[in-house]
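Take a look at the structure below.
In the numbering used here, the protein residues as written are 2 to 195.
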């Protein structure tokens with residue numbers, strides 16, 4: 002339209018996400034840690050959208066998003082506020098805090114593919130899975146027992162993810178209670194030793 006000023010040029014994309022404001026201490030207000038977590042997460046997602054044009058969490062289920070949020074807080078040395086966050090996320094998803102802690106450890110290990118390796122056993126096609134046992138035996142790691150996409154020996158387990166990475170798990174108490182450890186790797190020996 003004639004006579005209207007031109008819009009200003011867009012602002013430059015920020016290099017990083019800033020810190021959220023401090024929240025006033027009000028007993029009736031929501032948990033400040035939860036607000037801080039949500040504000041920081043929203044800012045990081047907005048920056049990703051701005052720089053890539055893609056939402057990094059599009060398509061996640063409520064459970065997967067809760068796991069992603071919890072993964073920002075390692076369970077060792079949880080503060081009271083972080084324990085509250087875990088408890089609230091677990092309650093909201095109908096899971097236990099142990100389920101959430103294990104899933105968050107998997108997410109820290111490798112994001113959504115690692116969570117899938119934790120929760121979804123599957124039958125891999127012939128190939129890398131079949132070559133894993135001889136490779137582990139040749140590397141002096143013992144004879145692993147196969148079951149679906151998993152190889153197990155005493156207190157260690159390897160899981161082949163659908164994307165072809167191996168994820169290592171450990172049973173710390175001898176009761177088949179598997180927890181993610183280490184980093185994913187394209188070969189089972191590296192995943193086990195990493």
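Heads up, the beta-carbon is just placed ideally off N, CA and C, and yes, glycines get one too. As the structure is a computational prediction, the values presented were derived from the model and not from experiment.
Residue i versus the options, residue with shortest Cα-Cα distance
{"i": "residue 185", "options": "50, 71 and 170", "result": "170"}
{"i": "residue 190", "options": "180, 167 and 181", "result": "167"}
{"i": "residue 40", "options": "22, 180 and 62", "result": "22"}
{"i": "residue 193", "options": "177, 138, 95 and 149", "result": "138"}
{"i": "residue 74", "options": "29, 105, 158 and 156", "result": "105"}
{"i": "residue 94", "options": "83, 122, 109 and 70", "result": "70"}
{"i": "residue 122", "options": "129, 147 and 133", "result": "147"}
{"i": "residue 131", "options": "99, 113 and 188", "result": "188"}
{"i": "residue 163", "options": "124, 155 and 175", "result": "124"}
{"i": "residue 113", "options": "83, 60 and 54", "result": "60"}
{"i": "residue 83", "options": "26, 136, 37 and 6", "result": "37"}
Own chain partners of residue i with C-beta closer than 8 Å, once the 5 adjacent residues on each side are dropped
{"i": "residue 19", "result": "44"}
{"i": "residue 195", "result": "169, 183, 184 and 186"}
{"i": "residue 101", "result": "67, 68, 71, 87, 90, 91 and 94"}
{"i": "residue 46", "result": "56, 57 and 58"}
{"i": "residue 17", "result": "48"}
{"i": "residue 156", "result": "171, 172, 173 and 175"}
Backbone secondary structure at residue i - three-state DSSP
{"i": "residue 177", "result": "coil"}
{"i": "residue 186", "result": "strand"}
{"i": "residue 32", "result": "coil"}
{"i": "residue 152", "result": "strand"}
{"i": "residue 159", "result": "strand"}
{"i": "residue 172", "result": "strand"}
Own chain residues within Cβ distance below 7 Å of residue i, not counting five before or after
{"i": "residue 33", "result": "24"}
Buried or exposed (CB count within 10 angstroms, at least 16 for buried), residue i
{"i": "residue 111", "result": "buried"}
{"i": "residue 10", "result": "exposed"}
{"i": "residue 141", "result": "exposed"}
{"i": "residue 1", "result": "Residue 1 lies beyond the residue range present for the chain, which begins at 2 and ends at 195; the question has no answer from this structure."}
{"i": "residue 144", "result": "exposed"}
{"i": "residue 152", "result": "buried"}
{"i": "residue 29", "result": "exposed"}
{"i": "residue 109", "result": "buried"}
{"i": "residue 51", "result": "exposed"}
{"i": "residue 65", "result": "buried"}
{"i": "residue 161", "result": "buried"}
{"i": "residue 134", "result": "buried"}
Contacting residues, own chain, Cβ-Cβ under 6 Å from residue i (five flanking each side not counted)
{"i": "residue 179", "result": "158, 170 and 172"}
{"i": "residue 127", "result": "none"}
{"i": "residue 107", "result": "115, 116, 119 and 181"}
{"i": "residue 62", "result": "none"}
{"i": "residue 154", "result": "143 and 145"}
Distance cut-off 7 Å: residue i Cβ against heavy atoms of the ligand SAH
{"i": "residue 187", "result": "In terms of ligand content, the structure shown is empty, and the ligand SAH therefore cannot be addressed."}
(request) For the segment 66-150, list the alpha helix (DSSP H) runs that are entirely contained and at least 4 residues long, ordered along the chain. (result) You should have 81-94, 98-120 and 129-139.
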